[in-house]
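One structure below.
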Amino acid sequence: DTGVSQDPRHKITKRGQNVTFRCDPISEHNRLYWYRQTLGQGPEFLTYFQNEAQLEKSRLLSDRFSAERPKGSFSTLEIQRTEQGDSAMYLCAGGGGAVQETQYFGPGTRLLVL
Amino acid sequence: GQQLNQSPQSMFIQEGEDVSMNCTSSSIFNTWLWYKQDPGEGPVLLIALYKAGELTSNGRLTAQFGITRKDSFLNISASIPSDVGIYFCAGQLPGNEKLTFGTGTRLTIIP
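Residue numbers (the numbering used here), protein chains in the order written: chain A, 703 to 816; chain B, 107 to 217.
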């Protein structure tokens, strides 16, 4: 158990709806990362935070996606006007608290857009 | 997006056999990580490597950071049923926070 939790674990929504996912890392994780994983592929980087600052965003993160980490603890990832192509596993990882750089993943939120 | 070349893509072995898989890149990495992922779950960190040539073990697992910094290897000795799953390598470029993942190796144990 990495101590990183995600909620919900599963989400089914209709195309065009908005969805929001939450990630809670452990308190030692000053860095928080979001990845997306489609079937049969490895995770792909979306964005990351150092404390509350969002420092990098991937080209995969279209204008419909927004992520926040308001107090440098938990983070939310919102997708507006969902499309069927957004169906994937959304993974959150915490890191930066250890001596060396590692990333510890949560269980993920599986999104299905109908 | 970019993914590392990981091989083999899948392996079918018998319990007790040793397993080897590797990951290669055209870029130099500062960090190599190996993860295992079970269906419907997030990746679980197995081994982290931070220096070229480094050899690190975690129980029956051993991983190496290639001398060229462009590859890494994972070996599993005396496989057991709970080793079944998908193994991913992940690399971190110098000065870059994001992880770039391999395409995965699916390990299946034949009864």
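Glycine included, each C-beta is placed from N, C-alpha and C at the ideal position.
> For serine 188 of chain B, does the three-state DSSP call read helix, strand or coil?
Replying inline: helix
>> Against chain B, with Cβ distances strictly below 7 angstroms, would phenylalanine 747 of chain A count as a contact?
In response: yes
> Interface residues of chain A around proline 149 of chain B at Cβ under 8 angstroms?
Replying inline: Pro745, Leu793, Phe807
> Quick one: what's asparagine 128 of chain B bridged to in DSSP?
Replying inline: B:Ser113, B:Phe179
>> List, from N- to C-terminal side, the beta strand (DSSP E) runs of 3 residues or more that fit wholly inside the segment 733–769 of chain A.
In response: 733–739, 746–752, 755–759
>> Against glutamate 643 of chain A, what residues of chain B qualify as contacts under a CB-to-CB distance less than 8 angstroms, listed in chain order?
In response: Not covered by the structure: residue 643 of chain A. The range shown for chain A is 703 to 816.
>> Here's a check: name, in chain order, each residue in its chain whose Cβ is nearer than 7 angstroms to the Cβ of glutamine 719 of chain A, leaving out the five neighbours to either side.
In response: Thr784
> If you draw a straight line from the C-alpha of cysteine 725 of chain A to the C-alpha of glycine 705 of chain A, how long is it?
Replying inline: 11 angstroms
>> Excluding the 5 residues flanking isoleucine 714 of chain A on each side, which residues of the same chain have their C-beta closer than 6 angstroms to its C-beta?
In response: Leu814
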